Every structure is written in structure tokens, then in C-alpha cells.
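Numbering (the working numbering), first residue to last: 22 to 446. I have placed the structure first, in the form of C-alpha cells, so that the comments after it can refer back to it.
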């Protein structure tokens, strides 16, 4: 079996460092004006991009630049001029979706590798061959495909690189095609400014048709009200199949990594450029373990499911990879450890070998007597915290919360990029 690339998100330089430390083979980031992350993007200047690319290449890893929006005419005028100094920094490939932008790049820089974004919604092997003939190096397949469909595409298109998403947020529409944000806020999803309207808080109000016959029910009609828009009531119909509200669960497909490795997928991708460095570290570590286990022929460890449960999520789904789950599969998912719930509580910022004390930047409360998990690029371990000190060496009963600095005793070792999680009762 070929070894697939593990591709992790790098919304910030800090996240980039954690992704590389915890096992990513490549990272992806983008300039705000031409990618789908206008907000919360750390790579807004050439200097930041240069630093990120240099850090990545220094570790022998690859840096992919996202330029995957679907532009209106105004952005065409500046695209090539803005892109030229970025390409001089040496990104390993561009991730693109718009045929027009792809054409412009291929004409100007014919040797530059281009990866086709998931925004292009590539669903079948004929579409893959079409893009391959245009010189596209890698196809990021649509999230709406099953494992069997991915395998058929691999068999029909053995030469082109294939990439699939295995973890992160799912769009309520075909990837990037949702109009909710543009409708509510005039901020279009495929221009990089999605407000995630599908994830807002809504209330449901009963509705009755008026004398004119408006709002005729299928079976039952309710009116939907978003928390920040009181009085703006939108009809929601319910039929015999249920009520259709918008928010999707998050994708988690770690249990399918072994099948994807056997299929011969070239890259497994984690979504989350706006997430925290803790999220990036833990997801990268879990999927690194799943890939390594699959390559070594080891059976899948269900505890990896539990590790991902401890991250903030909207509930998990394996998306469209397996259309109909049988009962044995449901039992398999339930066999993971559901008793271990954790919260991110600290980040190791230094270690004094003489005193045997690690300095911790506190993120959430923890106390003596708590069970903690020390999360490190080289492996994790759990322990019961017996001693907690302030920076002056005075005993503490509790680390009071974010913004404080404390010390905990640890045996000699390399604690760079270390994180702490507390096991919740």
C-alpha cells in the first residue's frame, strides 16, 4: 500500500507549527482575498506567508496555497498581479476551483502544480479525467462520495492524485454552494466570507394559513426565527419524512482510514483553518496514528473515536462514505470508551531540567487531584496531578483559569509543543 499524505489546516503560524509537530506531511493556507477564509486568516501578508512556507520546507514538508474562491469580474483584474509575489515564495501547489482562474494560472505558470478544490464538486471518474487532461495534478474529491465511488474513481483514474476530506465541518449544501449567508448577510460563501448561517440559533413558531391561502401546509408549518433577527419569521414545512433544518454534523471518518489507504487515496485532509492549535494538534495526532496503524496492518483502535469526541464538535457523522450503516457497525461505534471526557487546560511553555518543573500557560481551570493527559508529538500519557506551584514555587490547590502561569513536576524529557487536557468527571 502507498503511504498517503496527511494534510492539516494552517490558519495561523501557530497552528502550522503544531500540525507539523504532531505528524502532518503537508499543510494548507491561503491569502484572504482569494481563498475561502477571509476572516480569521493569519496569512494576510507576504511576510507571514514567507515565514510559514519556510518553516514547512525546513522540516521537509509541503505547503499548499488555497486560491479556491469563485470570483466575480472585479477580482480577475488583480489576481495575477497579486499572485505573482506569492508564488515567488515557493508554495508547492495551488488549490483552485474556478476554471477561469485555473486557465490564467496555467497560461502564466504552466509548470506550477494545481490541485482542484473540493469547491469544484468532482463527483465521477469522467470529470476527473477531464481535469487531468487539462494538466491538473491532484483532484480533491467531493465530500458527497461513498467509499465505493472513491474506489471506482481510483480504479478508473490510476495516474492522477486523489485527495479526500476525513475530518471537519460539512456544508449543508454541496461543498461551497450554500446561499444562506449571501441571503441573510450579503456575504457569499464562495467568495470566502461565509457567516455560517446554517449554524446559528433558531426558534420555531407555529404558523397558520391566512385567508389568502398563503403558507399552505404540507402536513405542518412552523415559522423559524434566528436569535439575532427577532420578528423575521421564515416558514419551515414538515411532511411525513420530518422537518428539514440546516445544520450538519461534523465529519469524522477516522474509522474509514484503513479502507482509504487500501483504495490508494494519495492525501487525507483535515478541515479547520479557523480552529485552535489544540484542535489541529489532536486531530493530526489521531489521524497520523490511524494511517500508521493501517500501513502496519494493525486493527483500528476504537479509542481514536473517543479522542476526537473530546474536541468541540456539533456531533459527528461519517458523511456519505457509507450510505447505510448496518447494526454491527453501530455496535462497533458504540464500543469506544465513552467514559473519558476531556477539556483542554494548558500549554507547556518551558521546562527547567534542574528543578524538574514544566511551565504551563493555563487555558482552563485544573487542580491537584485531577487526572491529566500530557499530549506530546511523541506520544501521550495520563497521570494524577499531585503538586501544583505558582511561578515563585508556592503551592497551589488550583490553577484558576486562562491567563495564569503555573508549574507542575515532570520527569526529564522533551516537552516542546506539549499540551494538557483534564479528564472530566
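Even for Gly, the Cβ is constructed at its ideal location relative to N, Cα and C. It should be emphasised that the depicted structure is a prediction, and the values quoted were computed from it without experimental measurement.
Following the DSSP letters along the chain, one finds residue 404 inside the beta strand (DSSP E) bounded by residues 402 to 405.
The C-beta distance from residue 187 to residue 278 rounds to 7 Å, short enough to fall under 8 Å. For residue 135, the three-state secondary structure derived from DSSP is strand. When DSSP states are grouped into helix, strand and coil, residue 161 belongs to the strand group.
Taking C-alpha positions only, residue 255 is separated from residue 333 by approximately 29 Å. Boundaries of the beta strand (DSSP E) around residue 188: 182 to 189. For residue 79, the three-state secondary structure derived from DSSP is helix. Rounded to whole angstroms, the gap between the alpha carbons of residue 167 and residue 185 is 11 Å. Just so you know, the alpha carbons of residue 115 and residue 392 end up roughly 44 Å apart. Relative to residue 441, the option among 91, 396, 128 and 418 whose CA is nearest is 396.
Leaving aside the five residues that flank residue 249 on each side, none in its chain has a CB nearer than 6 Å to its CB. Inter-residue distance for residue 179 and residue 245 is about 48 Å (C-alpha atoms, whole angstroms). When DSSP states are grouped into helix, strand and coil, residue 243 belongs to the strand group. Under the three-state reduction of DSSP output, residue 124 falls in the helix class.
With a minimum length of 3 residues, the unbroken runs of beta strand (DSSP E) contained wholly in the segment 377 to 424 fall at 378 to 383, 392 to 396 and 402 to 405. According to the DSSP secondary-structure assignment, residue 290 is paired through a beta bridge with 28 and 186. Secondary structure at residue 99: helix, using DSSP grouped into helix, strand and coil. Taking a 10 Å sphere around the C-beta of residue 124, we find fewer than 16 other C-beta atoms and assign the residue as exposed.
Ranked by Cα distance from residue 105, the options 445, 376, 323 and 129 are led by 129.
The bridge partners DSSP lists for residue 444 are 363. Going by DSSP, residue 174 is part of no beta strand (DSSP E) but of the alpha helix (DSSP H) stretching over 168 to 177. For residue 55, there is no enclosing alpha helix (DSSP H), as DSSP marks it with neither H nor E. Pairing residue 424 with residue 368, the inter-Cα distance amounts to about 11 Å. The residues 271 and 292, in chain order, have a CB closer than 7 Å to that of residue 190 in the same chain once the five nearest residues on each side in sequence are set aside.
Residue state for residue 328 is assigned as helix, using DSSP reduced to three classes. Leaving aside the five residues that flank residue 71 on each side, the residues in its chain whose CB is nearer than 8 Å to its CB run, in chain order, 110.
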